[in-house]
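Visitor: So that you can map any letter, position 128 of the sequence shown is 128 in full-length UniProt numbering, and since no number is skipped, the others follow by simple counting.
Each residue gets a CB set at the ideal place from its N, CA and C atoms; glycine is no exception.
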Amino acid sequence: MLDFLGIGAEKAGTTWLFATLEKNKSVIFPAVDKSLDTWNKEIRFWNLYRNRGIDWYKSIFEGEQEGKVKGEITPGYAILNRNIIKEIYQHYPKVKIIFTLRNPIYRAWSVAIMDLNFAKADVFKTPDQWFIEHFNTPHSISNGDYETCIKNWKSSFPSDQILILFYEDLANNPLQYITKICNFLNIDSALYRSLNKTDFEKVIWTGGHPIIRPSLLPFLINLYKDKIRSLSEYLKKDLSSWL
């Protein structure tokens, strides 16, 4: 049985979350067909592999073990449309959803850097125009439109089955962050009592990361300022530090 889904956001600590939950004997991530462009963190069924059929997906999570939870973490799920989310609910009405939000300005920059690294391109020689075009892609913009993502998921799932967290809280206090998730999943968090900020940094910042170019920051602020203010009002949370 599928117990939880980590849906993102992209570049918001999902790799750390997977690595951390994987250490917990109460959490089971499935082994999958290695011929697919996937692994036991990201099954990518609902956004890429639905053609394999729901029976294939269900087989990955079949069986129940007392005191254990099964799940997957695919950041691409955050931007699923309402019809697919409704389908997930129809098959798994009790599944719990974990969604971590990161300042969309820094998220957009981080994804652009990741894509350049994948392409083995020189970040420092890449012109501003390339970044601007990347920031303006529908994929990048939709991944930073958290309010729409949340509303889409809440169109099918009740609020008490959706845990919304913040990347900044993970960076500042990983123990408190993972404890909230363990409480949400009803599993023991004692394993993580010695967790500290350094443990987070080892996973997230192993390779270093160039800061946002001053020449691009005004563009990104203008691109996301209205969405950030609207999200702040929607969540009733002060997000002024994002601007």
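1) Counting only the same chain and skipping the five closest in sequence on each side, list residues whose C-beta sits under 7 Å from that of I79.
2) Please list the terminal residues of the continuous beta strand (DSSP E) segment that includes V69.
3) Have a look at I221 and R229 and give me their C-alpha separation to the nearest angstrom.
4) Counting C-beta neighbours from all protein chains within 10 Å, is the total for R82 16 or more, i.e. buried, or is it exposed?
5) Alpha carbon to alpha carbon, how far is A9 from K227?
6) Can you tell me whether L243 is buried or exposed, with buried defined as 16 or more other CB within 10 angstroms of its CB?
7) Rounded to the nearest angstrom, what separates L101 and A108 at their Cα positions?
8) Return the residue from the list Y77, A190, F45 and Y49 that minimises the CA-CA distance to H139.
9) In the DSSP assignment, what are the bridge partners of T100?
10) Please work out which residues of its chain come closer than 7 Å, Cβ to Cβ, to residue 318, disregarding the five sequence neighbours upstream and downstream, and give them in chain order.
11) Considering L5, what are the terminal residues of the beta strand (DSSP E) in which it resides?
12) Out of curiosity, what's the CA-to-CA distance linking K96 and L116?
13) Under the rule that 16 or more other beta-carbon atoms within 10 Å means buried, what is T198, buried or exposed?
14) Using only the alpha-carbon positions, how far apart do I211 and H134 sit?
15) Below 8 Å, how does it come out for the region 61-76 and the region 11-29: are there three or more Cβ pairs, yes or no?
16) For the 8 Å Cβ check, are there 3 or more pairs between the region 12-22 and the region 45-58?
17) So Y224 packs on E147, CB below 8 Å; how close in whole Å?
18) Looking only at DSSP bridge pairs, what is V27 linked to?
19) Can you look up A190 in the DSSP assignment and give me helix, strand or coil?
20) Nearest to L5 by alpha carbon, out of W153, T179, P174 and L170?
21) Please report how far the alpha carbon of G13 lies from the alpha carbon of N173, in whole angstroms.
22) Taking N17 as part of the alpha helix (DSSP H), name the residues at either end of that continuous run.
23) Report the rounded CA-to-CA distance for D128 versus K120, giving the unit in angstroms.
24) Compare the Cα-Cα distances from E42 to each of S59, G71, K58 and K94 and report the closest residue.
25) Beta-carbon separation of I98 and L195 under 7 Å?
26) Tell me the DSSP secondary structure of T206 in three-state form.
Guide: So, from the data block:
1) For I79, where only same-chain residues beyond five positions count, the Cβ hits under 7 Å are S142, N143 and C149.
2) Segment V69 to I73, the beta strand (DSSP E) holding V69.
3) Between the alpha carbons of I221 and R229 lies a gap of roughly 11 Å.
4) With fewer than 16 other CB atoms across the displayed protein chains lying within 10 angstroms of its CB, R82 is exposed.
5) Going by the C-alpha atoms only, they are around 15 Å apart.
6) Classification for L243: exposed.
7) Here the alpha carbon of L101 sits roughly 12 Å from the alpha carbon of A108.
8) The shortest CA-to-CA distance from H139 to any of Y77, A190, F45 and Y49 is the one to Y77.
9) Answer by DSSP bridge pairing, in chain order: L165.
10) Outside the shown range of the chain (1 to 243) lies residue 318, about which nothing can therefore be said.
11) Run containing L5: F4 to G8, per the beta strand (DSSP E) assignment.
12) K96 and L116 have their C-alpha atoms some 34 Å from each other.
13) Of the residues assessed, T198 falls on the exposed side of the cut-off, its CB having fewer than 16 other CB atoms within 10 angstroms.
14) Their Cα atoms are separated by approximately 17 Å.
15) Between the region 61-76 and the region 11-29 there are three or more C-beta pairs closer than 8 Å, enough to call the two in contact.
16) Under the 8 Å Cβ criterion, the region 12-22 does not count as touching the region 45-58, having fewer than three qualifying pairs.
17) The Cβ separation is near 11 Å, so there is no contact.
18) In DSSP, V27 forms a bridge with V69.
19) Reduced to three states, the DSSP call for A190 is helix.
20) The shortest C-alpha to C-alpha distance from L5 to any of W153, T179, P174 and L170 is the one to W153.
21) Distance from the CA atom of G13 to the CA atom of N173, rounded to whole angstroms, is 13 Å.
22) Note that residue 17 is Leu in the sequence shown here, rather than Asn. Where L17 is concerned, the enclosing alpha helix (DSSP H) stretches over T14 to E22.
23) Roughly 17 Å separates the two Cα atoms.
24) Across the set S59, G71, K58 and K94, the C-alpha of G71 shows the shortest separation from the C-alpha of E42.
25) No, they are not a contact pair.
26) Low local confidence applies: a pLDDT of 46 at T206 is under 50, so the model's placement there is unreliable, with the coordinate-based value given in what follows. Of the three classes helix, strand and coil, the one that applies to T206 here is coil, per DSSP.
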